[in-house]
Structure formats: C-alpha cells, structure tokens
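From first to last, the protein sequence lines stand for chains L, G and D.
Counting the first sequence from 1 gives a position; our numbering is that position plus 23.
Counting the second sequence from 1 gives a position; our numbering is that position plus 471.
Counting the third sequence from 1 gives a position; our numbering is that position plus 139.
Here a beta-carbon is modelled for each residue, glycine too, at the ideal position from N, C-alpha and C.
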Amino acid sequence: MRVVNMVPDMEYAVQQNQQTLSAALQQVSTGLRVNKPSDDPGASASMVISLASSANVDQYTSNVSAMQSQMQTADSALNSVITSLNTAVTVATAGSTGTSSAANDQALAAQAQGLLSNVIAQANTSYQGIYAFAGSASSSPPFVAASTTYTSQNGTAAAPLSTTTPLTAGSVTTIHDASTSQAFTFTAAAGDTIGDLASAISGAVAAGTLSLGTTATINAKGELAISTNSGTHGIVASSNDSVLGLVRPLWGTDVTNAYAYVGNSTVNNVQIGDSTTVATNVPGDQIFTAGANVIASLTGLITALQSGNSAIVTSSGAAVSAALTYVTQQRVPLDNTISQLNDQDSFLNQETLTLTTQQNALVGVNLATAATSLSQAELDNTAVLAAAAKVLPQTLLNYLAPG
Amino acid sequence: MNDKELQDHDQLAASYLQQLQALAFEISVAMDAIARNAISSFQESVAKQEMLCAVLANLANTIGAPVSSSEQLPLGLSDNPVARKIRATTTAIRDLNLQYAALLKHSGRSIALLVSLCRSHTGQLQEAGLSRSKRQTWSCEM
Amino acid sequence: MSSITSILSSATQSLLAETGALQVTSNNIANANTPGYSRQIPIFQEAAPTNDGNLSIGNGVVLEGYQSVRDELVTSQIQQETQSQSSANAQLNTLQQIQPTFTTSTQDIGTEISALFTSLSGLSTNPTSSAERQSVLAAGNNLAGAFNAASNVLTAQQTALNSPVTQDVSQINQLTQQIAALNPQIAELTATGQDGGSLQDQQNQLVLKLSTLTNVSTTQTAQGETLTTGNGTPLVVGSQSYALQTATGSDGMQHVLDQNGADITTAISSGDLGGMIQMRDQTIPGLLNQLDNLANQFGTAFNAAQAKGFDQNGVAGGNFFTLPATVAGSAGAISMAITSPTKIAASSDGTAGSNGNVANFSAVQTTVLAAGNTPGEAYANLVYQVGSLTSNANAESSATTASLLQLNDQLSSVSGVSVDQEAANLITFQTAYQAAARVISTMQAMFSVTMTMGTAAAE
Numbered sequence: 024m025r026v027v028n029m030v031p032d033m034e035y036a037v038q039q040n041q042q043t044l045s046a047a048l049q050q051v052s053t054g055l056r057v058n059k060p061s062d063d064p065g066a067s068a069s070m071v072i073s074l075a076s077s078a079n080v081d082q083y084t085s086n087v088s089a090m091q092s093q094m095q096t097a098d099s100a101l102n103s104v105i106t107s108l109n110t111a112v113t114v115a116t117a118g119s120t121g122t123s124s125a126a127n128d129q130a131l132a133a134q135a136q137g138l139l140s141n142v143i144a145q146a147n148t149s150y151q152g153i154y155a156f157a158g159s160a161s162s163s164p165p166f167v168a169a170s171t172t173y174t175s176q177n178g179t180a181a182a183p184l185s186t187t188t189p190l191t192a193g194s195v196t197t198i199h200d201a202s203t204s205q206a207f208t209f210t211a212a213a214g215d216t217i218g219d220l221a222s223a224i225s226g227a228v229a230a231g232t233l234s235l236g237t238t239a240t241i242n243a244k245g246e247l248a249i250s251t252n253s254g255t256h257g258i259v260a261s262s263n264d265s266v267l268g269l270v271r272p273l274w275g276t277d278v279t280n281a282y283a284y285v286g287n288s289t290v291n292n293v294q295i296g297d298s299t300t301v302a303t304n305v306p307g308d309q310i311f312t313a314g315a316n317v318i319a320s321l322t323g324l325i326t327a328l329q330s331g332n333s334a335i336v337t338s339s340g341a342a343v344s345a346a347l348t349y350v351t352q353q354r355v356p357l358d359n360t361i362s363q364l365n366d367q368d369s370f371l372n373q374e375t376l377t378l379t380t381q382q383n384a385l386v387g388v389n390l391a392t393a394a395t396s397l398s399q400a401e402l403d404n405t406a407v408l409a410a411a412a413k414v415l416p417q418t419l420l421n422y423l424a425p426g
Numbered sequence: 472m473n474d475k476e477l478q479d480h481d482q483l484a485a486s487y488l489q490q491l492q493a494l495a496f497e498i499s500v501a502m503d504a505i506a507r508n509a510i511s512s513f514q515e516s517v518a519k520q521e522m523l524c525a526v527l528a529n530l531a532n533t534i535g536a537p538v539s540s541s542e543q544l545p546l547g548l549s550d551n552p553v554a555r556k557i558r559a560t561t562t563a564i565r566d567l568n569l570q571y572a573a574l575l576k577h578s579g580r581s582i583a584l585l586v587s588l589c590r591s592h593t594g595q596l597q598e599a600g601l602s603r604s605k606r607q608t609w610s611c612e613m
Numbered sequence: 140m141s142s143i144t145s146i147l148s149s150a151t152q153s154l155l156a157e158t159g160a161l162q163v164t165s166n167n168i169a170n171a172n173t174p175g176y177s178r179q180i181p182i183f184q185e186a187a188p189t190n191d192g193n194l195s196i197g198n199g200v201v202l203e204g205y206q207s208v209r210d211e212l213v214t215s216q217i218q219q220e221t222q223s224q225s226s227a228n229a230q231l232n233t234l235q236q237i238q239p240t241f242t243t244s245t246q247d248i249g250t251e252i253s254a255l256f257t258s259l260s261g262l263s264t265n266p267t268s269s270a271e272r273q274s275v276l277a278a279g280n281n282l283a284g285a286f287n288a289a290s291n292v293l294t295a296q297q298t299a300l301n302s303p304v305t306q307d308v309s310q311i312n313q314l315t316q317q318i319a320a321l322n323p324q325i326a327e328l329t330a331t332g333q334d335g336g337s338l339q340d341q342q343n344q345l346v347l348k349l350s351t352l353t354n355v356s357t358t359q360t361a362q363g364e365t366l367t368t369g370n371g372t373p374l375v376v377g378s379q380s381y382a383l384q385t386a387t388g389s390d391g392m393q394h395v396l397d398q399n400g401a402d403i404t405t406a407i408s409s410g411d412l413g414g415m416i417q418m419r420d421q422t423i424p425g426l427l428n429q430l431d432n433l434a435n436q437f438g439t440a441f442n443a444a445q446a447k448g449f450d451q452n453g454v455a456g457g458n459f460f461t462l463p464a465t466v467a468g469s470a471g472a473i474s475m476a477i478t479s480p481t482k483i484a485a486s487s488d489g490t491a492g493s494n495g496n497v498a499n500f501s502a503v504q505t506t507v508l509a510a511g512n513t514p515g516e517a518y519a520n521l522v523y524q525v526g527s528l529t530s531n532a533n534a535e536s537s538a539t540t541a542s543l544l545q546l547n548d549q550l551s552s553v554s555g556v557s558v559d560q561e562a563a564n565l566i567t568f569q570t571a572y573q574a575a576a577r578v579i580s581t582m583q584a585m586f587s588v589t590m591t592m593g594t595a596a597a598e
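Next up, the structure:
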C-alpha cells in the first residue's frame, strides 16, 4: 500500500483549527455570538424585527413621559378651577341671603371677578408652549378677552374700503362670539366682496351663531368695522385677507368679563403602545363653554351680585353649582388617562426587559463560556501545530505558526 | 412550576445540552472520516449520530411539555446559562450541518461516479494489444 | 449521472465493436488479488496478454485499463471540485464585501427606518415643536443616505467584477495555448503505447489551473485532450487552441465571447470566472432589485401619507421623498424632497397644532408593501438572504476543500483489489452516505424544535 501524503491532511486540520480559534477570539472581544449575518442568518433577521420593536417601545416610553407632564398640567389647572368654583358657590350663597348690603354685594362681585380671572388663567394654561385647552390651535391662548368692535387696518378716509371691494379668494375671516360661545367663519370665494362678507354675517346673526345686532360696515375712517353694537356682547375677530390687513380690537371697546374661545374642538391622539393610543387634550370648548357653561355661570354671578337682586343671585348660584358638577365630571376621563399612562409605563418597562433578553438570546454570548471556548481553541491549536510539526517540513511549519 | 418540576426541567435541559455537544462532535468526526476515506470510522459516526438524534428527540418531547409560568421565554430564547449554551451548540451544529451536507453532496457524487464506472466494467474489457492507446474515449459531462 | 453511465457504456460498446468483440469469460480479476500488488510494480503493467487472433486478454491489461480509467475519472472529479471550490471562493469574496452593509446595529437601513418612525411618534406629542420636526427631517435624510450607501456598495462591487473577468479570460487563453501545445507531443507517445509520463502530468496541472478559472469539459481523443467550456464552446482541440474574448455589453459589463464573437457569458457556470459572473449578473442584481423595490415602495407610501395631511402652515402636504421615475435606481437616487421642518404634514385639519396625520405615517410601518412585506420584514429578508448566501458560500468552500482532500486521497491510494471488491467498498460508502443524509434531515428538523422547546402553554 502506497503511503498517502500526509501534508494535505495536516494543512486541512490546521486550517480548520485556525478558523475555530479566530471565531472564539471574536466572540470574546465583542461579547457577541453573531457578529455578522452569516454567523446566523435567522437570528440576524429576527434581530432586525426585535430592534425595531425595542425602538418603538423606547419611543412609547418617551411619549408616556411627555403625556404625563402635559396631563398633570391640565389636571392641576382643572383642580384650581374646581377650587375657584367651590369658592364661587360660597360667594353666591353669601350674596343670596337678601340681607347683604350693597357694599357687601359689590365686594362679593369683586371676589367673583377674581375667581373668573383665575378660571380664565387656568383655561389658558400651557406646558412648554402648548396650550392645554385650545384643541389643536395650541400655539396661542384659547380664551381671549372680547371687545364690541374690531376694525381693519386697511382703509382710510381718502381711500376707503367699500362693500364692493373684492376680497382675496380663499381668505378666511373668523368671528368668535363670547355670548353665544360660537364661531362664524367666512371663506371668500373668487369674486366675493366685502358686501358678501357683511351679508354672511347677517345670516349668522339670524341663525343665532352671532349675537343679535352684530354687523360689518364701513366706518367714517374708511375701515371695515365689525361690531356687536351692544355694550354687553363681545367678539374676537380675525382675518388673513391682505385686502383688510390686520383686524384688531378698537381701543376702549373691551367688554368686561367677556371671553371668546378662539381654539377648536380637535383632539390629538398619541400612540403609547402598539395598539394603544390616548387622547392628549380636552378642548376648552368642551370643558369651559359647553354643558353647564363655566365661564357664563361666573359671568352671570358677577352681574347678579352687581345688581344686588338676591333672587337672581340665587339662580346664578345654582348655575355655578351645575358648572362645578360638570367640570368635576369632565375631570374624570383626564384622571383615567393619567392612570392609564402610569400603568402603560410599567408595562413598557417589562416589554423592554423581555425584548432585551430576547436580543441577548439571539446574538449575545455568555462571556465566561466564550472565554472557555477560546482557551480550549488555543489549546487545540497548540496540539494541532505540534502534531503538524512531526509531519511537515520545517519551512511549511514556519508558514503555519500562529501570528 | 413548582421547585421539583423546575429542578427536573433543569436536569433535562443539561442532559439535552450534553447530547447536543456530542452530536456536534460526531459531525466533525464524520466529515473528517469522509476526507480520509475511512469507511468504518464514518459508519460508526453515522450510527452514533442516529442514536443521538433519537435521544434528543425524546428529550425534546419531555422538555417541551407545557410549563406553568406564563412569562417564561421559549427555552431557545431564554437567558439562563444552560439555554444559552444550548443555543450556541445548536448554531454550531447548524453550521457544521451545512458543510457536512455539502460535503456529502460532493463526495456522494464522486462515489456514485466511481460506482457506475465499476458497474460498466463488470464483464470483460478487451484491449487490442499494446499498439492501442490505453486511453478510453469517454467524456465527463457533469 | 445518466450521462456518465451511458457515455461509459457507449465507450465500452465502441471498443468492443472495434475489436470485433466477443464476450470472454476470464478470471483476470481473481488473479489480480496478488499480495503486494502495487501500481508502481511494472510487472503487472507489462503482463503478457494472451493472444487469440485479434483479441488480447490478460490480467494486467484489464486492471490497467480499469485503473487508468478510474484515475481519469478521479482526476476529472478533482477538476470539477476545483471548479466548484473556485466559484464558491469567488462568490464568498464578494459577499464578504457586501455583508457589512446589511447589519442590524447602526446606520443600516433597518435602523434608520425605525428611527424615522420613532421621530414621527415623538412629533405627535408636540406637533409645533421645531426640535421634533428637525429630528424627523434628520431621520428622513439618514434613511435616504442609508439607501444610497447600500445601493452604491452593491453597484461598486458589481463594477469591480469587470476587470477580473477580463484578466481571467486572458489567463484562460494563455493556459489553453499551453495545453494545446502539449497535445501532439503526448499523442505521439501514447500512439506508440507509451505512457504520457511527465508531459501528461504537466498537462493535468494546466487543466487543473484552468479548472480554477472556468467550467471545463474534458474528452480524451486520439489527438489528445479536447477541452470545451460553457455549452460546448471549444477551447482546445488537438493541437489547436481557441481564444475567448471579452467585450463591453449593452449593460456596461464585460461579456465573455467565443472566438466567433458569440456571447457565452451565461454559460460560464463554475470556476472563478463563473463565480464572479454569478455574483455580478445574478446575485447582486437580485439584491439591488429588492433594495430598489423597498426604497420605491417605502418612499411612495410615505409620500401618500404626507399628501393626506397639512403642513405647519396649513398647506396640503407635498412629497416627503424624491424618487426617480423608474423603480430601478430608486435606492441609489432617493432623497428628501422637503428641506424645511414646517413642511412635514403632521396636521389632519390644517391647524398647526393638530397631529392627526401622524397616524397615517405610523401606519406605513405595519403596512404590507406591494412586494409582499412590511418595510421591516423586507429589510430583515435582505439581511437573511445576504447572511444565507455568505454562509452557504462558506460551507460550499469548506466542503469542496474537504471533498478535494478525499479525491486526492482516492487518487493516491491503491486499488489493488478486484473491481468487484472496489465496487463493494464504494457501495458500502454509498449506503453510509444515504444513512448520513437521513440523519441530516433529522438534525435540520431539530433546530426549530430546540428554539421553541419549553414554550409556555396556556394554563
């Protein structure tokens, strides 16, 4: 039997061993069993999905945190509103006895005014520039003090605006009414004039959207004047039409204790879990001017106290009580959301742990095990080279010696 | 899962790991035997592999029985030391198996060719004297 | 397999016909069981045949004939395995360059897709925040960049495979010239009944080198070895060698042509050249196609989401990504269409503070795109493919190395036994291989079992 050449066999054994050795080395130095997709294609593919889940969970956690802050701010505001309303009920009771003096009534009215101011301040609460109760129009305060008259910047006596002046197509003019708590919006179509705007406003008055007597006319200065023509009804008006220019309140026409809601009713939702979203806000027109209208009830109380008529004070006191009940109810879903956020926080922490464990299981290596494998591979390497030395020529062995 | 069940489970897992490691070793022995044309070593190794697979299948059935803890990850994905080693060994076996299967494919082809050559040579082959080229006319189209 | 069997038996048939064959029973094979027999001992080679008319029957002749055929077969198998090994190595080489792009750790497409979605989720908590909007823009840019980078790596690797193709072809031509030159010299020797000797060994080495470069078919003829490649393109016939050429094709790649100018690129299936051509013309284009589909479909879905909403100024959303007109090249060309953070269409009603449209963006993460997967799954598939291709090329490379070892052992070991005995040995191997193959299937099934073993069942 001819002797089989041993060299190829030895070379093969050494090469296999070298590969085992370098794989063990890499595992120890990186702490990873899977350093590239070919190490384990299935695990690598699974990692892509798992890492994406982890990233989402991290973001949900961050969202929860942001929402918790926003909701806490809103909740504190409502808490303060409830406190003020409780005080207002006491004030109403004090003023409805019929034995209160006129001076006392005025004092009570002033107190009620302070309470209203606080409620408005709370309604305009913001967190990091986001107004909590403005719906999605959250960049500016939702409750604005109303005036009887708003005038346009454009138009002079020499070059007055007129009812035939064309408006810019697509421009939007808005009037928020503090008394009706409703908003009127006019979007100019191509060819519309100021006269069409005025007609639309009349239509809104007839429909009850705007207070009775509200008009849009050209004043002596040639400006467009939108006015309630009443000392007790206030509006907030705005327009983005360059033909009119900035529409702003006429100085000295502010209506005491009248506030219009200039936000909207949009509710934003934020995802805090793969299939879990929460509402991030409650619109101001849902809490403060809907149902038992909080602001109207306080305004009514102030007026009643100023009138000194105890019967009217009693009925306005009842309205304030109703408002208190209403706000307390409105607070419940908010508190529930805060609760839900806290629960979600715990769940997400657990998810993170599960995912991390899963990822470690997919690609991680136990360092103690890896170190043992490395030692073993090094031992094997020495043994193989020693065996090779017995069969291979010296020059070849030098080539194969570990680097 | 109560303590006794847990202990049994751990023992089974450790046993599974041992058998897996033995299987990995046997595969590399088999590959080596193929390369050296050592038929009896190869047959021995394949027989051992068959036995190990049977033992592993049995163990897997036992270990795969429902576990009471609902938060437990599958054994293959959980993070305890034994599970990690099982995973590492399984991956090693999978890699070896790829090479082993490829080697069997290639060597199998070579052996099959030689076998068919042998078959075509049963019966007699004439050569018309030394003047005739010893080369046969044949072509190797794979 | 059937072709080799039929070719062998037809060779046998023609030989029998040539010598006016008659089946003659013989105990030649039994006599071959002489102890100490070795190929090296000349006695057997020179064993005097028994002459009977035109027929020569003898011990050594039969075994010599079988032995030489067997060695030819093993040599040919070595050539085949060498071709496979070189092809696998060529593919492995390119795949190892491509693989780092398809990671799961950082700045890869999967990570950037994920980051884009999380930045949008963050934006939903504060739609007017300039910082959050900037994050979304940055994430979009990073993703476009990741697509561009991946596409560039693939096309660069593809282009880089052109000059080696030319080099291999030139090497092939040098080798075929040398092989052809040896044919007449060897034919002269064997015509007089002598062994080809060292010239034959030399030629075998050259053919082996040629096998590292391309797939080669070998046919023994009276004029020496005939070599063909591809689907029968001649390389060497007798003393004549036929050069291959390269030319730039309409796809900008180097094509391999035969001596008449016919394109045989797709017929080069093995060897270094075959491996490179496989990568350049099949594998890489396949990966690029998937990448382009992902970029195009993802970009389109994102643009659709943007169109459903309004930006911070109340204007209806325009395109988020800019895509080319064709799907091909989408990954390489994709870029951000918006540069100002206010243009991100987060709002669903035109007010700046609305986040209603973010849900439409988030939905893309779980949307099954036209190619049949969600974006994350599509990328995971790419990672899996690249990993698999690389791991398989690696396995093939190792396996062919081991197989070559076995074949070389076969070549240098002695078959000093009867053909029947050799057949019996080989069949034992075959049976063992079949048993081994069954065990492999069992092992494959075990992998998934191991991973799910111990899964909690509902109580």
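Endpoints, the beta strand (DSSP E) within which residue i is located
| i | result |
| --- | --- |
| Arg271/L | Val270 to Pro272 |
| Ala583/G | Ala583/G -> not in any beta strand (DSSP E); alpha helix (DSSP H) instead, spanning Pro552 to Ser591. |
Assumed close pair residue i, residue j - CB separation to whole angstroms, cut-off 8 Å
| i | j | result |
| --- | --- | --- |
| Ser61/L | Ser530/D | 4 Å |
| Ile258/L | Ile198/L | 5 Å |
| Ala501/G | Ala576/D | Incorrect: roughly 12 Å between the Cβ atoms, too far for contact. |
| Ile505/G | Asn568/G | 14 Å between Cβ atoms; not a contact. |
| Val543/D | Ile217/D | A quick correction: the sequence has Leu, not Val, at residue 543/D. About 6 Å; that satisfies the 8 Å criterion. |
| Leu139/L | Thr337/L | About 19 Å; that fails the 8 Å criterion. |
Which residues DSSP lists as bridging residue i, in chain order
| i | result |
| --- | --- |
| Glu515/G | Per DSSP, none; premise fails for Glu515/G. |
| Pro373/D | Thr367/D |
| Tyr282/L | Ala168/L |
| Ile258/L | Ser170/L and Asp200/L |
| Phe209/L | Thr196/L |
| Pro189/L | Thr216/L |
| Gly296/L | Thr299/L |
Min CB distance residue i to chain D below 7 Å
| i | result |
| --- | --- |
| Asn529/G | no |
| Val500/G | no |
| Met70/L | yes |
| Ser88/L | no |
| Ala563/G | no |
| Ser433/L | It is not possible to answer for residue 433/L, since the shown part of chain L is limited to 24 through 426. |
Interface flag, residue i vs chain G, CB-CB below 7 Å
| i | result |
| --- | --- |
| Gln152/D | Summary for Gln152/D: the model assigns pLDDT 35, below 50, so the residue's position carries little reliability; its value from the coordinates is reported in the next sentence. With 7 Å as the cut-off, Gln152/D does not count as an interface residue toward chain G. |
| Asp63/L | yes |
| Gln324/D | no |
C-beta atoms of residue i and residue j nearer than 7 Å
| i | j | result |
| --- | --- | --- |
| Ile473/D | Ala277/D | no |
| Phe286/D | Ala464/D | no |
| Val525/D | Gln238/D | yes |
| Ala538/D | Ala573/G | yes |
is_contact[residue i, chain L] using C-beta, thresh 7 Å
| i | result |
| --- | --- |
| Thr560/G | no |
| Asn172/D | In this prediction, Asn172/D scores a pLDDT of 32, lower than 50, which makes its location untrustworthy; no coordinate-derived value is stated. |
| Gln669/D | There is simply no residue 669/D to check, as chain D begins at 140 and stops at 598 in what is shown. |
| Thr494/D | Here residue 494/D is Asn; the residue named in the question, Thr, does not match the sequence. Closer than 7 Å to some Cβ of chain L, the Cβ of Asn494/D qualifies, so yes. |
Span of the alpha helix (DSSP H), counted from its first residue to its last, around residue i
| i | result |
| --- | --- |
| Thr329/D | Asn301 to Ala330 |
| Ile403/D | Run containing Ile403/D: none; DSSP gives neither H nor E here. |
| Gln612/D | The requested residue 612/D does not occur in the structure, where chain D is confined to residues 140 to 598. |
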